[in-house]
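Counting from 1, position 284 in the sequence shown corresponds to residue 284 in full-length UniProt numbering; the numbering is continuous, with no gaps. We put the beta carbon where it would ideally sit given N, CA and C, even for glycine.
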Amino acid sequence: MMSKAAFNTDYKNLPDHKDLSHIPGENGLPWIGKGLSFVFGLERMAQDHYDRFGEISKTRALGTSWVMALGADNWQQILLDRDRNFSTEKGYETSLANFYPKGLLLRDYDEHKTQRRIMQKAFKTQAMKGYVEQMTPVLQRHIGDFEKNGQCIFGPLVKDTLLDVGAKIFIGLDSPNDKTQQLNKAFVDINHGLLAQLHVEIPGSTFWRGKRGMRTLHSFFADEIPSRREGMKEDMFSHMCREKNEDGDYFSDIDVVANAAFLLFAAHDTTTSTLNSIMMYTAANPEWQEKMRGEVEALNTDHPSYEDLDNMEMVDRVFHEAIRLVPPAPIGTRRTINECQMGDYTIPANTKILIPFTFNHRDPRYWTNPLAFDPDRFSPERQEHKNHPFCYHPFGGGAHKCIGMHFANMLVKSFMFYFLKTYRYSTPEGYVAKLQWAPLPKPTKLPLLLERI
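Below, the structure is given as structure tokens:
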């Protein structure tokens, strides 16, 4: 294993290696490569490459050459990264880094470890208990308004709900107001910008609007830092502003801004994706909807505590099964630092690595009937997610494992508690869900028929 003393950061200044002629695969169309498959058929593309080329293959998307790595053993090698051989910063530099530069995921090794400290207090148990209380009125207000004439399009409504929850929990803003609306628009523009084919700020283009949204977020956070350090607010951003490094000094404003913007993006959009998936699957499998509702009613409370949420076992199984089938962050990326061996192939230094999480989550070597919605596979009796340490990794793994994964679970359970107590739901007869995988996965225009309880 490489010692820390021998490690240097020269790799950050080197260009991508693009000659992958020794690796089998398929590049797709000129320039965009297989970019459309990333958006509309990620799971099919990954399976096709595995069937034709094996666990290691090459492909191309968004003007970049990639080695696609499939299989739990390969992902264990990449995500644990014991030899310090896979850079996340260089992996995301042409995607997330365009709009969330220096966010926690885009930091490597010791720098990442130091920056992770900035979020520690925001995710401690005492803070989490406070978040449950703060989000209750926001969730109740929004969920009560979902039903209009017995139906709704779920996606936009849950997105607005979670943006207001985020404004309250993450930033400490009472919602709704002009500031939250401005920040919400910035997020929408950034999401569109993430899909831009041309990364040039041409006025009016999606990339230009995304960069404008980024600057709006950064300006807001930068302006708020001084007052948050002096105050006693209990939102996540305020905790981050007051956090200190090992020397007892506040983290720099640049670090606080970068991490706050990325955290808000990562937590909000992934939870929106997860709730869309839960609704899609439990509307089609009403027996699981009733299991969850029975569990919620058995709590015998109108406002669940942090401890109550921890006891919602049926909702927990549904949560994990939904993100197994549709991981809210469906693709991971890295770039090799040194030449390394993966399977039967030598991967050159500075090669971009593509990790479609959907493949391992549907691999029949580890999952029974893997395409079926079966939350009981996460029951204590079966525990299929433990068939391999890296057959299930919706929150990543190793040093970069998502610091907010318990908060995401808590937020989903809080939403489901109030939604299940308010409505029974189904989809219209003949509805067939169509998944869109990028920038984050969700069924397009999920219609729900709602029966108020």
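My output table needs one value for residue i: the three-state DSSP class, helix, strand or coil.
i           : result
CYS152      : strand
MET342      : strand
LEU29       : strand
ARG116      : helix
GLY210      : helix
LYS129      : helix
TYR100      : coil
ARG335      : strand
TYR425      : strand
LEU106      : helix
residue 508 : This structure does not reach residue 508, given that the chain is present from 1 up to 453, and the question cannot be answered.
LEU440      : coil
ILE23       : coil
LEU14       : coil
LEU309      : helix
LEU275      : helix
LEU435      : strand
Near residue i, which residues of its chain fall below 7 Å by C-beta distance, leaving aside the five closest residues on each side in sequence?
i      : result
HIS303 : THR136
THR358 : LEU42, GLU43, ALA46, PRO327 and PRO330
MET275 : Residue identity differs from the one stated: residue 275 is Leu in this sequence, not Met. Closer than 7 Å at the Cβ level, and outside the excluded window around LEU275, lie VAL158, VAL412 and PHE415.
LYS4   : Annotation note: pLDDT 45 at LYS4 (below 50); position unreliable, coordinate value reported separately. No residues qualify anywhere along the chain.
LYS18  : SER65
ASP108 : SER87, THR88 and GLU89
MET293 : Met is not the amino acid found at residue 293; the sequence shown has Arg there. Excluding sequence neighbours, ARG293 sits near LEU420.
PRO441 : SER273, VAL326, PRO328, PRO330 and LEU435
GLU381 : none
Could you give the residue range of the beta strand (DSSP E) that holds residue i?
i      : result
LEU449 : 447–452
PRO389 : From DSSP, PRO389 is part of no beta strand (DSSP E); its letter is neither H nor E.
ALA61  : 56–61
MET68  : 64–69
TYR418 : Run containing TYR418: none in the beta strand (DSSP E); it sits in the alpha helix (DSSP H), 405–422.
Would you say residue i and residue j are within 8 Å of each other, going by their C-beta atoms?
i      : j      : result
ARG116 : ILE337 : no
PRO370 : ASP363 : yes
HIS192 : THR206 : yes
ILE32  : GLN197 : yes
GLN151 : LEU449 : yes
MET236 : ILE118 : no
ILE353 : ARG335 : yes
Between which two residues does the alpha helix (DSSP H) carrying residue i extend?
i      : result
ILE171 : Taken as a continuous stretch (DSSP letters only), ILE171 belongs to no alpha helix (DSSP H), as it is neither H nor E.
PRO286 : 286–298
ILE355 : Element bounds for ILE355: not the alpha helix (DSSP H) but the beta strand (DSSP E), 352–356.
SER238 : 236–242
GLU93  : Note, GLU93: premise wrong, no alpha helix (DSSP H); not H, not E.
MET314 : 313–325
MET45  : 42–53
GLN76  : 72–80
Going along the chain, which residues of its own chain have a beta-carbon closer than 6 Å to the beta-carbon of residue i, five neighbours each way excluded?
i      : result
PHE395 : LYS401, CYS402 and MET405
LEU79  : GLY397 and GLY398
ASP110 : none
SER277 : ALA322 and VAL326
ILE23  : LYS58 and TYR345
Inset, instruction - Go through the stretch 178–203 residue by residue and report every complete run of the alpha helix (DSSP H) that reaches 4 residues or more, in order. - result: 178–193
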